[in-house]
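In the numbering used here, the protein residues as written are 11 to 227. Report on one structure; see the data block that follows.
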């Protein structure tokens with residue numbers, strides 16, 4: 011409508027308040043794990059409740075955010091997540107969308123785990139190494155949310171697209187590294203990958219990586 015305050019730059023669309031609710035169950039196996047709710051994008055001023063407990067607010071509409079909801083979930087019945095979104099238009103110089111517009115994930119981890127967005131992969135010598143073995147640098151930020159120090163190794167494996175467990179094209183297991191309780195550590199390794207297919211706009215091929223924690227002591 012031409013009467014909406016967003017104007018033509020905002021698509022002449024309404025803003026306002028939106029509510030979302032999602033219910034889910036957890037198993038007894040999840041009882042000793044860490045539970046997170048991860049939002050890739052909500053426009054904007056999002057407030058999140060879990061089982062009636064307010065867990066946080068994220069005002070900005072263009073960035074991802076995550077909340078630890080371990081202390082708010084239950085394992086003997088239904089859990090409900092509620093999200094309130096407030097988009098007071100006009101709020102942008104262009105059409106920004108409104109509400110939850112990207113993926114939302116429920117992430118369940120052990121106390122020791124790769125942190126959110128904690129994996130970085132680089133191939134600094136790809137131009138000279140392509141066609142043979144490409145040295146792939148992988149950094150994993152590992153979090154220890156337990157109450158004791160842990161000795162951690164990480165096994166990194168690269169698979170071809172849709173490859174099975176016995177079709178890896180590169181794997182490395184790191185030496186053990188101690189991580190103090192409540193701390194994070196960057197664990198680095200170089201994975202030699204044999205003759206990888208390279209991505210391009212003409213051949214959008216993507217390999218698959220799996221980073222597995224191993225040897226928690």
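Virtual Cβ for every residue (Gly too), placed ideally from N, Cα, C.
Once you ignore the five residues that flank residue i on each side, which residues in its own chain have a CB closer than 8 Å to its CB?
i: residue 179; result: 168, 169, 170, 173, 203, 204, 205, 206, 217
i: residue 208; result: 136, 140, 215
Helix, strand or coil for residue i, going by three-state DSSP, please let me know.
i: residue 227; result: With a pLDDT of 34 at residue 227, under the threshold of 50, the modelled position of this residue cannot be trusted, and the question is left open.
i: residue 23; result: coil
i: residue 32; result: strand
i: residue 18; result: helix
i: residue 138; result: helix
i: residue 121; result: coil
i: residue 82; result: helix
i: residue 12; result: coil
i: residue 130; result: strand
i: residue 196; result: strand
Strictly by DSSP, which residues pair up with residue i?
i: residue 94; result: 29, 57
i: residue 116; result: 47
i: residue 64; result: 59
i: residue 160; result: 189
i: residue 110; result: 52
Excluding the 5 residues flanking residue i on each side, which residues of the same chain have their C-beta closer than 7 Å to its C-beta?
i: residue 193; result: 154
i: residue 69; result: 54, 55
i: residue 21; result: 105
i: residue 75; result: 49, 68
i: residue 107; result: 53
i: residue 71; result: 52, 53, 54, 106
If I measure Cβ to Cβ from residue i and keep anything under 6 Å in the same chain, skipping five residues before and after, which residues do I get?
i: residue 102; result: none
i: residue 8; result: The structure shown does not extend to residue 8, since the chain is modelled only from 11 to 227, so the question has no answer here.
i: residue 242; result: This structure gives no information on residue 242, because the portion of the chain shown stretches from 11 to 227.
Please classify residue i as buried or exposed, where buried requires at least 16 other C-beta atoms within 10 Å of its C-beta.
i: residue 123; result: buried
i: residue 82; result: buried
i: residue 27; result: exposed
i: residue 213; result: exposed
i: residue 90; result: exposed
i: residue 191; result: exposed
i: residue 146; result: buried
i: residue 127; result: exposed
i: residue 33; result: exposed
i: residue 93; result: buried
i: residue 210; result: exposed
i: residue 142; result: exposed
i: residue 98; result: exposed
Let me check understanding here. Comparing Cα to Cα, which of the options lies closest to residue i?
i: residue 112; options: 97, 37, 50, 33; result: 50
i: residue 254; options: 105, 198, 130; result: Residue 254 lies beyond the stretch modelled for the chain, which goes from 11 to 227, so this question has no answer here.
i: residue 132; options: 41, 17, 219; result: 219
i: residue 29; options: 16, 58, 48, 21; result: 58
i: residue 36; options: 87, 67, 62; result: 87
i: residue 200; options: 116, 177, 150, 210; result: 150
i: residue 73; options: 98, 40, 110; result: 110
i: residue 119; options: 77, 38, 44; result: 44
i: residue 121; options: 107, 16, 84, 42; result: 42
i: residue 13; options: 62, 100, 31, 47; result: 100
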